[in-house]
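For reference, the structure discussed in these notes is given below.
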Amino acid sequence: MDTIFLSEVKVQTKLGVPEWERMTPQTIILDIEIGYDLSRACQSDDVNDTIDYGAVVGRVRDTLQENSFQLVEKLAEHLCQLILKEFSALSVKIKVAKPTILPGLKALGVVIERKKQP
Numbered sequence: 001m002d003t004i005f006l007s008e009v010k011v012q013t014k015l016g017v018p019e020w021e022r023m024t025p026q027t028i029i030l031d032i033e034i035g036y037d038l039s040r041a042c043q044s045d046d047v048n049d050t051i052d053y054g055a056v057v058g059r060v061r062d063t064l065q066e067n068s069f070q071l072v073e074k075l076a077e078h079l080c081q082l083i084l085k086e087f088s089a090l091s092v093k094i095k096v097a098k099p100t101i102l103p104g105l106k107a108l109g110v111v112i113e114r115k116k117q118p
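Numbered continuously in this note's numbering, the sequence shown closes out at residue 118.
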């Protein structure tokens, strides 16, 4: 399996357990790895034989503007399932980081990985 990666994607979303934290959008940083068979695209040089990276980023930004989450875990799961279903990915690994949310920490977050169900 091959991997498409999107590194340090900055997105605005409403996220957090306390209600006050979800009142205004905050910046989160995503690292996304998408498992996909790229052999056809390597031969054809045709975007139709791969996953359109710009479309993935656009869809991620849209869904995070439309939805609010309490937990980074739920947000990461939502994005994994979206990419698996809408882009026919074979697997997705997502790192969600909330920068500077706690004093003395650069960031906090989760990394999850999901595979397409047979």
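For glycine and all other residues, C-beta sits at the position ideal for the given N, C-alpha and C. Here the structure is a predicted model, which means the values were calculated and not measured.
(1) Return the Cβ separation of LYS116 and LEU64 in integer angstroms, given the expectation that the two are a contact with Cβ distance under 8 Å.
(2) I'd like the list of long-range same chain contacts for ARG22, defined as Cβ closer than 6 Å, with 5 residues on each side in sequence excluded.
(3) I need the DSSP call for GLY16, collapsed to helix, strand or coil.
(4) With distance defined between alpha-carbon atoms, name the residue in THR50, GLN26, SER91 nearest to ARG61.
(5) Could you give the C-beta distance for GLU113 and SER91, rounded to a whole number, given that I count them as a contact under 8 Å?
(6) PHE69 bridges to which residues according to DSSP?
(7) Could you give the DSSP three-state label for GLN26: helix, strand or coil?
(8) Just reading off the alpha helix (DSSP H) that ALA41 is part of, what are its end residues?
(9) Quick one: is VAL11 buried, meaning 16 or more other Cβ sit within 10 Å of its Cβ, or exposed?
(10) Going by other Cβ atoms of all chains shown within 10 Å of its Cβ, with 16 needed for buried, is GLY109 buried or exposed?
(11) Could you check the C-alpha separation between LEU6 and ASP31 for me, to the nearest Å?
(12) What do you reckon, are the CB atoms on ARG59 and LEU38 nearer than 9 Å?
Let me lay it out:
(1) If you number the sequence shown from 1, residue 116 lands on position 116. If you number the sequence shown from 1, residue 64 lands on position 64. With 8 Å as the limit, LYS116 and LEU64 do not qualify as a contact, their Cβ atoms being about 22 Å apart.
(2) In the sequence shown, counting from the first residue as 1, residue 22 sits at position 22. Cβ neighbours of ARG22 beyond the five flanking positions: LYS14, GLY16, SER68.
(3) Taking the sequence shown and counting its residues from 1, the one referred to as residue 16 is at position 16. Three-state DSSP puts GLY16 in coil, outside helix and strand.
(4) In the sequence shown, the residue the question calls residue 61 occupies position 61. Taking only the C-alpha atoms, the option nearest ARG61 is GLN26.
(5) For the purposes of this step, residue 113 is identified with residue 113 of the sequence shown, where counting begins at 1. For the purposes of this step, residue 91 is identified with residue 91 of the sequence shown, where counting begins at 1. With 8 Å as the limit, GLU113 and SER91 qualify as a contact, their Cβ atoms being about 7 Å apart.
(6) Start at 1 with the first residue of the sequence shown, and residue 69 comes out as number 69. Paired residues: LEU15.
(7) Start at 1 with the first residue of the sequence shown, and residue 26 comes out as number 26. Note: GLN26 maps to strand in three-state DSSP.
(8) Along the sequence shown, one-based indexing puts residue 41 at 41. Start and end: 39-44.
(9) Translated into positions along the sequence shown, residue 11 becomes position 11. VAL11 should be labelled buried.
(10) Position 109 of the sequence shown, counted from the start, is the residue given in the question as residue 109. Looking at its Cβ environment, which holds 16 or more other Cβ atoms inside 10 Å, GLY109 is buried.
(11) Counting from one through the sequence shown, the residue named residue 6 turns up at place 6. Counting from one through the sequence shown, the residue named residue 31 turns up at place 31. Each residue's alpha carbon lies about 6 Å from the other.
(12) On the sequence shown, residue 59 is found 59 positions in, with the first residue counted as 1. On the sequence shown, residue 38 is found 38 positions in, with the first residue counted as 1. No, these two residues do not count as a Cβ contact at 9 Å.
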